[in-house]
Amino acid sequence: MKLNTALFLGLLMLLSNALNAQDLSAYQKKYFEKNGDSLPYRLLLPKDYDPGKKYPLLLFLHGSGERGNDNELQLVHGSRLFLKEDVRENYQAIVVFPQCAANSSWARIDVEGDFENRQFIYYEDAEPAEDMLLLEGLIKYLKKNYKLDKNRMYVGGLSMGGMGTFELVRRNPKMFAAAFPICGGANPAISKKLKKPHWWIFHGDADKVVPEKYSAEMAKAMGDMGINVKYTVYPGVGHNSWDNTFAEPELMNWIFSQLK
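Mature numbering (1 follows the signal peptide of the UniProt record, and there is no 0) puts the sequence shown at residues -21 to -1, 1 to 239.
Shown next, in the form of structure tokens:
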């Protein structure tokens, strides 16, 4: 008996969705509470996790489209990279995906102008966003409750999370060994506080959401200060430069080889 083509495709889609959901369930649902506020986050422990062993920490900050409090959306981009069998085997780490609240941000940034011509205003020393304070509280909690290798702490993020990556390092200049902001930006004047980590910055040169110039300006300012920074630009790529970044064959080895 032949299956109807549409029914067959539908069954394949359901199976695929089920497998994806099962994959992402490896990220434990957690909530960090502080002063009545809550920061949802997902926690991926290493394969064969040993609570007596020290592990690197990798923190990934999502973009504005994944904000909320469902503790789900922040896994849309990047989470499956750390579930790959070879990554789980070769780069054992505690991986954390926090979720920023709706209508909030990892960093205080203003935007002026219409979409095609808008300008981002990055501040040199703005007051921290509430979610940044919660994020810093979460990091302290993780340090206290898990054995972390403090010489191997890493942070990256895309778009709003790329901006948050710069901001988190600015506020905690001695914490991270490596940082990898994707299609983000910051005020070049903060470069003097970004000297400790190794940096790999990514952007698409056809990005109309967050223009590539903001990453280029940061890479130049940091390079001029002698900071260890790599800058990769993807020709013809728009805002979604994260897929290109996640496909970089050297990304995992680069991140986890860095020491503070």
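The beta-carbon is built from N, C-alpha and C at its ideal position, and this holds for glycine as well. Note that the structure is a prediction, hence the values are computed from the model and not measured.
Sub-8 Å separation of residue i and residue j beta-carbons
| i | j | result |
| --- | --- | --- |
| G163 | M132 | no |
| M201 | S220 | no |
| L18 | Y6 | no |
| H177 | A156 | yes |
| L40 | G136 | yes |
| V75 | Y20 | yes |
| L147 | L121 | no |
| R87 | A72 | no |
| I180 | A165 | no |
| E91 | R97 | yes |
| Y172 | R149 | The question names Tyr, but residue 172 is Lys in the sequence shown. A contact, by the Cβ cut-off of 8 Å. |
| K123 | K153 | no |
| C31 | A81 | For the record, residue 31 in the displayed sequence is Gly; it is not Cys. Result no, Cβ atoms of G31 and A81 do not sit closer than 8 Å. |
| I100 | D89 | yes |
| F225 | G57 | yes |
| V212 | E191 | yes |
Local conformation of residue i per DSSP, three classes
| i | result |
| --- | --- |
| E68 | helix |
| L24 | coil |
| N223 | helix |
| A(-1) | Below a pLDDT of 50, predicted positions are generally treated as unreliable, and A(-1), at 47, falls in that range; the measurement from the model is reported next regardless. Helix. |
| V188 | coil |
| K122 | helix |
| D128 | strand |
| P77 | strand |
| E229 | coil |
| K(-20) | With a pLDDT of only 46 at K(-20), under the threshold of 50, the placement of this residue in the model should not be trusted, and no figure is reported. |
Whole-number beta carbon distance between residue j and residue i, since they are thought to touch under 8 Å
| i | j | result |
| --- | --- | --- |
| L117 | P77 | 6 Å |
| D2 | R59 | 7 Å |
| S84 | A108 | 5 Å |
| D128 | P35 | 5 Å |
| P160 | F145 | 6 Å |
| F235 | Y70 | 5 Å |
| G217 | D186 | 5 Å |
| N130 | K26 | About 22 Å separates the two Cβ atoms, so there is no contact after all. |
| V134 | L24 | At roughly 18 Å, the Cβ-Cβ gap does not stay under 8 Å, so V134 and L24 are not in contact. |
| G15 | G140 | Incorrect: roughly 25 Å between the Cβ atoms, too far for contact. |
Per DSSP, cross-strand counterpart(s) of residue i
| i | result |
| --- | --- |
| H182 | V212 |
| E91 | Q98 |
| E12 | S17 |
| V134 | L38, A158 |
| P176 | DSSP, once it has assigned bridges, lists no residue as partnering P176. |
| Q237 | Bridge partners of Q237: none, in fact. |
Residue i beta carbon near the ligand COA (any heavy atom closer than 7 Å)
| i | result |
| --- | --- |
| Y10 | Because no ligand of any kind appears in the structure shown, any question about the ligand COA cannot be addressed here. |
Beta carbon proximity, residue i to chain C, threshold 8 Å
| i | result |
| --- | --- |
| Y28 | In the structure shown, chain C does not exist; there is a single protein chain. |
Which ranges does the beta strand (DSSP E) cover as unbroken runs of at least 3 residues, wholly within the stretch 26 to 59, from first to last along the chain? Scanning the stretch 26 to 59 for uninterrupted beta strand (DSSP E) segments of 3 residues or longer gives 34 to 40, listed from N- to C-terminal end.
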